[in-house]
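Written out below as structure tokens is the structure these notes cover.
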Amino acid sequence: MGKWCVRRAAQFVVTAFLATIGLIAVTPPASACACGGVVNPPGETTAVTQETALITRHGGQETIVMSLSARSDATKAGLLVPTPKPATPALADRSVFTDLSEQTTPRQRTRHHLFGPPVLFGGTDDSSANGAAPQSAAPTGVHVLSAVDLGPLRAVSLTAGNAGDLHTWLDKHGFVMSRRFEALVTPYLDKGWAFTAMTLTPKGKSLSGDLPPVSLRFASDKLVYPMRMSRGAKETQRVTTYVLADHRVARTDPTARQGDLRTTYADRVDTSKLTSPTLQQLAVGEPWLTEMSQVFDDPGAQVRSDFTFTSAAHDTPVVSYYYTDDYLIPGDIAVLLVILLGAVAGGVATFVIRRRATPVTA
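Numbered according to mature numbering (1 follows the signal peptide of the UniProt record, and there is no 0), the sequence shown spans residues -32 to -1, 1 to 330.
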């Protein structure tokens, strides 16, 4: 395909994307999630209720695999995700997060006891559960870098020198960016970040529920997860991040001190249990997997930065366990045995005493 055709195709997809997500004056304000902004056609709404992401970095290339759960009456929506450098988008297999859940699920341990609960008189055998550099100036203008059709998703990678350039470009295409949405994207534009614009089109079905997981790969000199756009969210934000790295990781950003941040799992990946092709490629060498969750009741006040990560001070595993109990002898049977042994011992003692008391006759 010639350059003219590629350019026309890119313009068509971008225009279709902007029309779909409704970046026009009558569009309601964009909702936000941790990774980016969600925009709907007029009269429709989408609220992201849960966001889960896998983050890893190899050879200067970072990969983010993200999964969103939404509550929506919309049949189409747009998602705008900022990244430090232009990203290559792709669909990820749904088993990525199934495998991650399997890796981090509480592990079983068995406790052994000599005596256990009764079994003859109505007792039950219960188990208990326990748990626990300055940047150079960005080029001016808007540049469409690529456009790709991913089936249920259409993605466009673009850059803009500043908000004014983006406004001008949108105006030439008949669109106007709302001030609220501009406030969310401007900090990234000022730093020269790129954006991946994706349309979510589940073939006429509602967007409610789990959306198809998406992989974004881009150049980065450190692990980073774009988070600041969630400042525009009006609902409580629950974000779970899984990080694959050579060591256990910890958060280093100012937002780590806000909200309720917990490290819920940290250990090496058991690659023998992986079924996801995506995760099998990313987890070569059995790296550490660190799971962290954070809840923001007031995102506008609590979210102050993107997420950044570094190696933790110690590679100490964080694993939850649930326990099952193994009993050698049920309690009531043990009592019966004690009574029986007592009776036998008593009988023997009585016999001996009586025998000693009986006079011996010549």
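Glycine is no exception: its CB is placed at the ideal position from the N, C-alpha and C atoms.
key: One or two residues paired with methionine 34 in a DSSP bridge   = Under the DSSP definition of a beta bridge, methionine 34 partners with Ala21 and Val182.
message = Judging by CA-CA distance, which residue of Thr258, Leu250 and Thr66 is the nearest neighbour of threonine 209?
response = With distances taken between Cα atoms, threonine 209 lies closest to Thr258.
message = At the level of alpha carbons, what is the spacing between proline 54 and valine 116?
response = Spanning the alpha carbons of proline 54 and valine 116 requires a straight line of approximately 14 Å.
task = Provide the residue(s) that pair with histidine 111 in DSSP beta bridges, ordered along the chain.
result = For histidine 111, which the question treats as bridged, DSSP gives the partners Thr127.
message = Assuming the contact rule is C-beta atoms closer than 8 Å, phenylalanine 264 and glutamine 205 should be a hit. Round their C-beta distance to whole Å, please.
response = That pair is a contact at about 4 Å.
request  = Determine the DSSP secondary structure at leucine 257, reduced to helix, strand or coil.
outcome  = Here leucine 257 sits in strand by DSSP.
key: Given leucine 250 as reference, the closest of Thr51, Phe65 and Pro267 once Cα atoms are compared   = If we check each option's Cα against that of leucine 250, Phe65 comes out closest.
key: Validate contact between the segment 210 to 227 and the segment 152 to 167 using beta carbons, cut 8 Å, 3 pairs   = Contact fails: fewer than three Cβ-Cβ distances are below 8 Å.
inquiry  = Please identify the residue among Asp238, Met197 and Gly227 whose C-alpha is closest to the C-alpha of leucine 212.
reply    = Comparing Cα-Cα distances from leucine 212 to each of Asp238, Met197 and Gly227, the minimum goes to Asp238.
message = Using only the alpha-carbon positions, how far apart do threonine 318 and leucine 309 sit?
response = Taking the straight line joining both Cα atoms gives about 14 Å.
ask   = Since methionine 34 contacts valine 207 with CB under 8 Å, what's their CB separation in whole angstroms?
value = Their Cβ separation, rounded to whole angstroms, is 10 Å, which puts methionine 34 and valine 207 out of contact at 8 Å.
Distance CB(tyrosine 233)-CB(threonine 72) smaller than 8 Å = Yes, the pair counts as a contact, with Cβ atoms nearer than the cut-off.
task = Tell me the start and end of each unbroken alpha helix (DSSP H) in the segment 263 to 322 that is at least 4 residues and wholly inside, in chain order.
result = Qualifying alpha helix (DSSP H) stretches, in chain order: 267 to 270.
query = Got a sec? Which residues, its chain only, sit under 8 Å from histidine 282 by beta carbon, not counting five neighbours each side?
reply = Excluding residues within five positions, the ones whose Cβ falls inside 8 Å are Arg216.
inquiry  = Taking only three categories from DSSP, how would you classify threonine 72?
reply    = DSSP places threonine 72 within a helical segment (H, G or I) once states are collapsed to three.
key: Between the CA atoms of glutamine 270 and arginine 225 - distance to the nearest angstrom   = Put simply, the backbone Cα of arginine 225 is about 9 Å away from that of glutamine 270.
message = Just to confirm before moving on: does the CB-CB distance between tryptophan 256 and aspartate 214 stay below 8 Å?
response = Yes, the pair counts as a contact, with Cβ atoms nearer than the cut-off.
Unbroken beta strand (DSSP E) run spanning alanine 218, endpoints = Annotation: the continuous beta strand (DSSP E) that includes alanine 218 extends over 217 to 219.
ask   = Using the rule of at least 16 other Cβ atoms within 10 Å of the residue's Cβ for burial, across every protein chain shown, is glutamate 254 buried or exposed?
value = So glutamate 254 counts as exposed.
request  = State the CB to CB distance for the pair threonine 167 and leucine 121, rounded to an integer number of angstroms; the pair is presumed to be in contact (CB under 8 Å).
outcome  = Approximately 7 Å separates the beta-carbon atoms of threonine 167 and leucine 121; this is inside 8 Å, confirming the contact.
query = The alpha helix (DSSP H) spanning proline 245 covers which residue range?
reply = DSSP places proline 245 inside the alpha helix (DSSP H), whose first and last residues are 245 to 250.
request  = Provide the residue span of the beta strand (DSSP E) that contains valine 237, from first to last.
outcome  = No beta strand (DSSP E) holds valine 237; DSSP gives it neither H nor E.
ask   = In angstroms, rounded to a whole number, what distance separates the CA positions of threonine 127 and leucine 113?
value = So the alpha carbons of these two residues sit roughly 8 Å apart.
inquiry  = Excluding the 5 residues flanking threonine 24 on each side, which residues of the same chain have their C-beta closer than 6 Å to its C-beta?
reply    = So the list reads Thr31, Leu212 and Leu250, once near-sequence residues are dropped.
Local Cβ density within 10 Å of glutamine 262, reported as buried at 16 or more and exposed below that = Result: buried.
inquiry  = Let me make sure I understand the geometry here. Which of Gly109, Pro194, Ala151 and Ala123 has the alpha-carbon closest to that of glutamate 19?
reply    = Taking the Cα of glutamate 19 as reference, the smallest distance to any Cα among Gly109, Pro194, Ala151 and Ala123 is reached at Pro194.
query = How should leucine 184 be labelled, buried or exposed, when 16 other C-beta atoms within 10 angstroms of its C-beta is the threshold for buried?
reply = It is buried - the Cβ of leucine 184 has at least 16 other Cβ atoms within 10 Å.
task = Put leucine 191 into one of helix, strand or coil per three-state DSSP.
result = Of the three classes helix, strand and coil, the one that applies to leucine 191 here is coil, per DSSP.
ask   = How far does the alpha helix (DSSP H) with threonine 56 in it reach, from first residue to last?
value = Boundaries around threonine 56 are those of the beta strand (DSSP E), 56 to 59, since no alpha helix (DSSP H) includes it.
query = Looking at the structure shown, is threonine 223 part of a helix, part of a strand, or coil, going by DSSP?
reply = Here threonine 223 sits in helix by DSSP.
request  = Measure the beta-carbon distance from alanine 187 to glutamine 76 and round it to whole angstroms, keeping in mind my assumption that it falls under 8 Å.
outcome  = Cβ atoms of alanine 187 and glutamine 76 stay farther apart than 8 Å, at about 42 Å.
ask   = Between the Cα of threonine 278 and the Cα atoms of Asp133, Lys241, Val192 and Thr292, which residue gives the shortest distance?
value = If we check each option's Cα against that of threonine 278, Val192 comes out closest.
message = For a test of the three-state rule: what should DSSP assign to proline 155, helix, strand or coil?
response = When DSSP states are grouped into helix, strand and coil, proline 155 belongs to the helix group.
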